[in-house]
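Asks:
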Amino acid sequence: MAVKEGGGLDPVKQFEVKELIPIQIGDINFAFTNVSLFMFVAVALVMLLMLLPTSGRANVPGRWQNIAEMAYEFAANMLRSTTGPDGMKFFPLVFSLFMFVLMCNLLGMFPYFYTVTSQIVVTFFLAMVVILTVIIAGIRQHGLAWFQVFVPSGVPGPIIPLVSAIEVISFLSRPISLSVRLFANMLAGHIMLKVFAAFVVSLSAMGALGVVGAILPLGMTVAITALEFLVSALQAYVFAVLTCIYLNDAVHTHH
Amino acid sequence: MATALAQEATPSLAVPIPQTQEEVQVPIGEGESLFPPFDAEAWPSHLLWIVISFGLLYIFVKRVVVPRVGGILEDRRDRIASDRGEASRLARETDGVISAYEAELAAARQKAYSIAQARRDEIKSELAAKQSETEAELNKKIADAEVQIAARRDAALADVDEIAAQASQAIVEQLTGMSLSSDDALSAVRKAEAGNA
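Taken in sequence, the protein lines are chains A and B.
Counting in the working numbering, the final residue of the first sequence is number 406, and the numbers go up one at a time with none missing.
Counting in the working numbering, the final residue of the second sequence is number 264, and the numbers go up one at a time with none missing.
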């Protein structure tokens, strides 16, 4: 693994951004980096997963078509159960987000692969897409009446300003919590994995006693790897579920 | 990170030395210690490429995945629904056929029974007619025979009287030498018979 390189025991080195194709526009560096590469790898894999097995349009699905259909129906049911049939127009967005985050998280589990979702800009961009969609679609559908979403029904008059202020703050904090949750989970998981793996390397370099001592962190590394697979899928699910819940505000102003 | 991005732009593959220098410099600082996710220098690049790649995925999902997979699922739902409808229609048809068959069977059984019954009655009445005919014939024969017997017996009885009268005539003639007229003898016999009876 990367830890064997000089100074590679640094657990943060796995997040290093490397330029692959330098692109400079004005003063801003738009280089195609390893992060960009893995975004496209994830997108390409999602496309292949959804495209290849369904080309037969078989009525009785095969193994791969079943996976594609399960992913599709999973996201569709999630959206339908939180927003109702009105929210199904957001399905392409929810499905894209879910599959993109899931694929990025899982790709990050391969050694030497970059975990795109460990970049806060990326997760923040995805969260902003969700929030802007809620605002734009909400105003387009309900007009200014959409702002009723900040005035919960059944609240006595005098405290409405206070409650509305809290509602606005909680609404504005959504993109932050949504993006930081995913980013922090992926980042912390990968750092922890690398720290324990680095223990194994540095301990076993100390001789026979060190090799014996390295058994424990090795076991931890294996266990955390399994845990990280769980976190990868779980965080993609959480991201998608929260997206659905937020999109519900765009469809129904009273909750 | 900022310099890493800039220096990678120069052909760094052939010159590994600057890289090691960088790594040595990492603990020292100079902004090099910037945690990669928080390195704002790389953000424009990430943003540009995430917009392009995610936008591509979104368009692909909207244009290809939703119509295709949604279509497949829709087709399957329709197919299952129509197959189910067909199956229940066939089941209803089968039920209809079975009940019609049972009704027909019951009717046939009823008809067979009534035919058998009618035949039985016919035979019975025929038998009864023949029996009564035969009985009548026999009765008639018996009656005839009885009439004949009565006649013969009467004739025989009449002869007996005659014979008894002649015998008594002869006995009287032998014993007394007197001749007895046949009419007296006959009336005497009759008187004796009446007394015996």
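A virtual CB, placed ideally from N, CA and C, is assigned to each residue, including glycine.
Say yes only if the C-beta of Asn228/A is nearer than 7 Å to one or more non-hydrogen atoms of the ligand MG, and no if none qualify.
Replies: This structure lacks the ligand MG; in fact it carries no ligand of any kind.
Asks: Within this structure, are the beta carbons of Ser247/A and Val118/B separated by less than 8 Å?
Replies: Here residue 247/A refers to the residue found at position 96 of the first sequence. Here residue 118/B refers to the residue found at position 51 of the second sequence. No, the pair does not count as a contact, with Cβ atoms beyond the cut-off.
Asks: If you reduce the DSSP assignment to three classes, tell me which class Leu160/A lands in.
Replies: Numbered from 1 along the first sequence, position 9 holds the residue referred to as residue 160/A. Looking at Leu160/A - three-state DSSP - the assignment turns out to be coil, as it is neither helix nor strand.
Asks: Assuming Phe251/A and Val197/A form a contact by the criterion Cβ under 8 Å, report the distance between their Cβ atoms to the nearest whole angstrom.
Replies: Your numbering for residue 251/A matches position 100 in the first sequence. Your numbering for residue 197/A matches position 46 in the first sequence. 7 Å between Cβ atoms; contact.
Asks: How far does the beta strand (DSSP E) with Ile172/A in it extend, from its first residue to its last?
Replies: Numbered from 1 along the first sequence, position 21 holds the residue referred to as residue 172/A. Its beta strand (DSSP E) spans residues Glu170 to Ile172.
Asks: Rounded C-beta distance between Ser330/A and Phe241/A? I'm assuming under 8 Å.
Replies: Taking the first sequence and counting its residues from 1, the one referred to as residue 330/A is at position 179. Taking the first sequence and counting its residues from 1, the one referred to as residue 241/A is at position 90. About 19 Å separates the two Cβ atoms, so there is no contact after all.
Asks: Identify whether Gln270/A lies in helix, strand or coil by the three-state DSSP scheme.
Replies: Here residue 270/A refers to the residue found at position 119 when the first sequence is read from its first residue. The answer is coil: DSSP assigns Gln270/A none of H, G, I, E or B.
Asks: Can you find the residues in the same chain that come closer than 7 Å, C-beta to C-beta, to Ala209/A, ignoring five residues on each side of it along the sequence?
Replies: Numbered from its first residue, the first sequence carries residue 209/A at position 58. Excluding five sequence positions before and after Ala209/A, the CB atoms of its chain that fall closer than 7 Å to its own CB belong to Gln216, given in chain order.
Asks: Against Ala158/B, what residues of chain A qualify as contacts under a CB-to-CB distance less than 9 Å, listed in chain order?
Replies: Residue mapping note: residue 158/B aligns to position 91 of the second sequence, counting from 1. Residues of chain A passing the Cβ test: none, with the nearest at roughly 22 Å.
Asks: Would you verify that the beta carbon of Pro103/B is, or is not, closer than 8 Å to some beta carbon of chain A?
Replies: Your numbering for residue 103/B matches position 36 in the second sequence. Yes, Pro103/B counts as interfacial toward chain A.
Asks: Could you round the C-beta distance between Phe334/A and Ser269/A to whole angstroms and report it? I think they count as a contact, below 8 Å.
Replies: If you number the first sequence from 1, residue 334/A lands on position 183. If you number the first sequence from 1, residue 269/A lands on position 118. Contact holds; Cβ gap of about 6 Å.
Asks: Along chain A, in chain order, which residues have C-beta atoms closer than 7 Å to that of Ser120/B?
Replies: Within the second sequence, the letter at position 53 stands for residue 120/B. Within 7 Å Cβ-Cβ: Met190, Phe191 and Val194.
Asks: Note down, in chain order, each residue of its chain lying with its Cβ closer than 6 Å to the Cβ of Ala401/A, except the 5 sequence neighbours on either side.
Replies: Within the first sequence, the letter at position 250 stands for residue 401/A. Val285, Ala288 and Gly289, listed in sequence order.
Asks: Could you list which residues in chain A have their beta carbon closer than 8 Å to that of Glu108/B, in chain order?
Replies: Here residue 108/B corresponds to residue number 41 of the second sequence, with the count starting at 1. Chain A residues near Glu108/B: Asn180.
Asks: Give me whichever residues DSSP pairs with Phe183/A in a beta bridge.
Replies: Within the first sequence, residue 183/A is the residue found at index 32, counting from 1. Looking at the DSSP assignment, Phe183/A forms a beta bridge with Ile172/A.
Asks: Could you work out which residues of chain B lie near Pro243/A, taking near to mean beta carbons separated by less than 7 Å?
Replies: What you label residue 243/A is simply residue 92 of the first sequence in a count that begins at 1. Neighbours of Pro243/A on chain B, chain order: Tyr125, Val128, Lys129 and Val133.
Asks: Output needed for Ala73/B: all residues of its chain with C-beta closer than 8 Å, excluding positions within five of it in sequence on either side, in chain order.
Replies: Mapped onto the second sequence, residue 73/B falls at position 6. Unreliable placement is indicated for Ala73/B, whose pLDDT of 45 sits below 50; no coordinate value is reported for it.
Asks: Which bits of chain B does Ala219/A rub up against, with CB to CB less than 8 Å?
Replies: Locating residue 219/A in the first sequence gives position 68, where the first residue counts as 1. Residues of chain B passing the Cβ test: Val136.
Asks: Distance, Cα to Cα, Gly364/A vs Ala316/A?
Replies: Residue numbering aside, residue 364/A sits at position 213 when the first sequence is read from its first letter. Residue numbering aside, residue 316/A sits at position 165 when the first sequence is read from its first letter. Distance between the alpha carbons of Gly364/A and Ala316/A is about 55 Å.
Asks: Using a Cβ-Cβ cutoff of less than 8 Å, which residues in the same chain neighbour Val267/A once the five nearest sequence positions on both sides are dropped?
Replies: For the purposes of this step, residue 267/A is taken as residue 116 along the first sequence, with counting starting at 1. The answer, listed in chain order, is Val186, Phe189, Met190, Ala193, Cys255, Leu258, Gly259 and Val273.
Asks: Which ranges does the alpha helix (DSSP H) cover as unbroken runs of at least 4 residues, wholly within the stretch 295-382 of chain A, from first to last along the chain?
Replies: 311-355 and 359-364
Asks: Can you tell me whether Leu360/A is buried or exposed, with buried defined as 16 or more other CB within 10 angstroms of its CB?
Replies: Locating residue 360/A in the first sequence gives position 209, counting from the first residue. Result: exposed.
Asks: Is the Cβ of Ser112/B closer than 8 Å to any Cβ of chain A?
Replies: Against the second sequence, residue 112/B aligns to sequence position 45. For Ser112/B, a Cβ of chain A is located within less than 8 Å of the residue's own Cβ.
Asks: May I have the straight-line CA-CA distance separating Ile271/A from Leu114/B, to the nearest angstrom?
Replies: On the first sequence, residue 271/A is found 120 positions in, with the first residue counted as 1. On the second sequence, residue 114/B is found 47 positions in, with the first residue counted as 1. About 11 Å.
Asks: Residues of chain A with CB closer than 9 Å to the CB of Arg144/B, please, in chain order.
Replies: What you label residue 144/B is simply residue 77 of the second sequence in a count that begins at 1. By Cβ distance, chain A contributes nothing, its closest Cβ being about 11 Å from Arg144/B, past 9 Å.
Asks: Below 7 Å CB to CB, which residues in the same chain sit around Thr394/A once its five sequence neighbours on both sides are set aside?
Replies: Taking the first sequence and counting its residues from 1, the one referred to as residue 394/A is at position 243. Excluding sequence neighbours, Thr394/A sits near Val245, Leu248 and Val281.
Asks: Given 8 Å as the limit, is there contact between the stretch 130-142 of chain B and the stretch 221-228 of chain A, that is, 3 or more CB pairs closer than that?
Replies: yes
Asks: Determine the DSSP secondary structure at Leu224/B, reduced to helix, strand or coil.
Replies: Stepping through the second sequence from its first residue, residue 224/B is reached at position 157. Three-state DSSP puts Leu224/B in a helix.
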